[in-house]
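Residues 237 to 694 (our numbering) make up the sequence shown, in order. Every residue gets a Cβ at the ideal spot worked out from N, C-alpha and C, and that includes glycine.
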Amino acid sequence: MNRLPRRLAPRTLRGRLSLVALTTAALLMTVLTVAFNIVMDRHLQHQAGDELRNRAAAVATTIDTSGPRVRVLETVNDQLLDANVWIYAGTRLLEKPPSTASDSMLTRAADRLAAQGKRVCTTVHTENPRFVRLCSRPVSGRRSTAIVVTALDLAPYRNSADTLLLGSLILDAVMLACTYALTRLAVGRALRPVRTMTDQATQWSAVGSDQRFGAEDHPAELSRLGASLDALLDRIRTVLRHEQQLTGELSHELRTPLTRIIIELDWWRARPRSTAETRATHEVIADSAQSMRTICDTLLNDARESAQNATTAVGVTAVVPVLHRLVENLDARDQVKIAVDVRDVRLEAGVAPALLERIVSPLLANAVRYARATVTVSARQRPGGVRIDITDDGPGVPEAFLDDLFQPGRRAAPEDGHDGAGLGLPLARRMARAVGGEVSHDPGHTSGAHFLIDLPSG
């Protein structure tokens with residue numbers, strides 16, 4: 237029972253609003269039509285009653301009740317007055333219409349009215365005419381009393397009432413058709429900006445456009461809709477940016493272990509290897525694969541927690557072993573020496589081990605990439621935290637590039653021959669900030685580059 241109305245209901249808002257307007261107009265016009273026809277029917281009945289009373293008053297002037305007997309006087313228009321008129325002396329019939337028989341339905345109805353002896357009316361249903369209205373009027377004299385009963389054919393009044401009803405129904409139908417058409421037109425014009433905004437929002441969301449609707453030159457409803465769509469587009473753009481950032485970071489971080497796997501395979505296939513060399517190659521590949529898995533887990537967990545506005549999982553990590561492991565696994569050029577300067581071997585940072593590696597690794601890889609001969613990694617305790625310094629003796633960061641240093645996808649010299657996507661430094665800073673730390677550059681260091689990593693204490 238509930239499925240049929242849902243299937244018949246229009247699926248568009250335009251159709252539903254038009255149907256609501258049509259239903260409301262139909263109910264209102266029904267009430268007005270019924271009220272109008274009731275009023276007109278009563279008005280026609282009053283007209284018929286006035287006609288009967290006027291005719292009875294005219295007939296009363298031809299009756300003489302001054303004597304002991306009622307006498308009917310002859311007048312010039314006697315035939316007009318005698319039409320549909322009955323005159324009684326008490327209950328005795330004195331005159332009746334010439335065309336009406338004494339035992340007809342109208343005469344019997346007139347007899348009943350005369351017997352009541354007062355002003356009273358009734359409607360009689362006959363074959364032809366169909367409805368007749370009869371009213372009685374007493375005519376009292378000093379010595380006698382007469383009763384005048386007049387009749388009126390209601391067919392013209394009924395025809396007028398039927399004509400009015402038919403006309404009102406036709407007018408209602410025309411008004412309903414016009415209401416439906418005008419409502420669809422008005423709603424369609426009103427919803428046209430909504431359709432346009434929907435199409436634009438769909439196009440903008442697909443490409444992450446920075447175009448927005450704003451609230452200018454729009455009605456209040458469209459302004460609220462535009463504000464909602466703008467907020468949605470901002471969230472979509474943020475999600476797309478995070479997706480692109482995650483893809484770029486994965487590509488950037490996985491490049492190093494993947495390169496190691498390729499180099500080891502190429503080296504192993506270059507000529508026959510001994511069992512020990514093959515085992516060493518397998519260990520390097522397994523270690524690189526494990527590193528890739530750790531990178532994927534770390535970045536995906538970080539992206540998931542960032543999307544949920546949660547704090548990155550914290551932990552306690554010994555700093556020195558992580559730094560030594562990163563330096564040992566780093567493919568540095570032969571002329572570049574990496575030194576780890578840590579006086580307190582018990583130094584601990586309040587982050588997970590994998591996250592610490594992901595923060596330090598891009599900075600260390602950049603230092604090795606651009607250093608001429610030396611890279612120094614140091615760590616020390618600071619009030620409330622741990623600081624890790626990474627220094628190289630390379631060309632340093634160009635002053636013109638300092639503002640874009642931590643912007644994703646930006647490189648100081650894209651054609652310098654070094655492999656990179658400009659994502660390592662932004663990734664390191666974002667992860668450090670996620671745990672309450674910071675990654676920064678020291679612009680006062682002129683003999684190379686100096687990066688500082690501040691992390692909370694363990």
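So, are the CB atoms of residue i and residue j less than 8 Å apart?
i: I689; j: I595; result: yes
i: G684; j: P598; result: no
i: W440; j: L476; result: no
i: A296; j: V375; result: yes
i: V563; j: V613; result: yes
i: R496; j: V520; result: yes
i: A346; j: L330; result: no
i: D678; j: Q617; result: no
i: C357; j: G285; result: yes
i: R420; j: S254; result: yes
i: Y606; j: D570; result: no
i: L766; j: M667; result: The requested residue 766 is not part of the displayed model; the chain covers only 237 to 694.
i: T301; j: A382; result: yes
In this structure, what does DSSP give as the bridge partners for residue i?
i: E584; result: A554
i: I595; result: Answer by DSSP bridge pairing: none, since I595 is not bridged.
i: S614; result: D577 and D625
i: Y324; result: L329 and I383
i: H686; result: T627
i: V375; result: A382
i: P692; result: G621
i: R369; result: T359 and L388
Nearest to residue i by alpha carbon, out of the options?
i: A554; options: E584, M528, V563 and P493; result: E584
i: R355; options: A292, A409 and E331; result: A292
i: Q436; options: L418, G462 and A417; result: G462
i: Y393; options: A467, Q281, T434 and D339; result: Q281
i: P696; options: A261, A516, F637 and W322; result: Coverage of the chain is limited to positions 237 through 694, which leaves residue 696 absent and any answer about it impossible.
i: G251; options: P429, A456 and V423; result: V423
i: A525; options: P493, L501 and A294; result: P493
i: A442; options: R473, M667 and N565; result: R473
i: G620; options: G672, S338 and R428; result: G672
i: E593; options: T399, L691 and A636; result: L691
i: T266; options: G377, D502 and L407; result: L407
i: R582; options: S693, L663, A670 and A456; result: S693
i: L388; options: T359, A397 and L400; result: T359
i: D577; options: V587, A588, I626 and T438; result: I626
i: R529; options: E513, R561, T511 and L490; result: L490
What residue range is occupied by the uninterrupted alpha helix (DSSP H) comprising residue i?
i: G621; result: Run containing G621: none in the alpha helix (DSSP H); it sits in the beta strand (DSSP E), G621 to D628.
i: E287; result: L249 to A296
Within the continuous beta strand (DSSP E) that includes residue i, where are the two ends?
i: V356; result: V356 to H361
i: E331; result: R328 to E331
i: E635; result: From DSSP, E635 is part of no beta strand (DSSP E); its letter is neither H nor E.
Tell me whether residue i counts as near the ligand NAP, meaning its Cβ is closer than 7 Å to at least one heavy atom of that ligand.
i: L263; result: Questions concerning the ligand NAP fall outside what the structure shown contains, since it holds no ligand whatsoever.
Taking its Cβ as the centre, do 16 or more other Cβ atoms sit within 10 Å of residue i, making it buried, or is it exposed?
i: A546; result: Its pLDDT being 40, under 50, A546 is placed unreliably in this model, and the coordinates cannot settle the point.
i: L264; result: exposed
i: T298; result: buried
i: T548; result: Only weak support exists for where T548 lies, its pLDDT of 44 falling under 50; the coordinates are left without a value.
i: N290; result: exposed
i: G630; result: buried
i: F687; result: buried
i: N395; result: exposed
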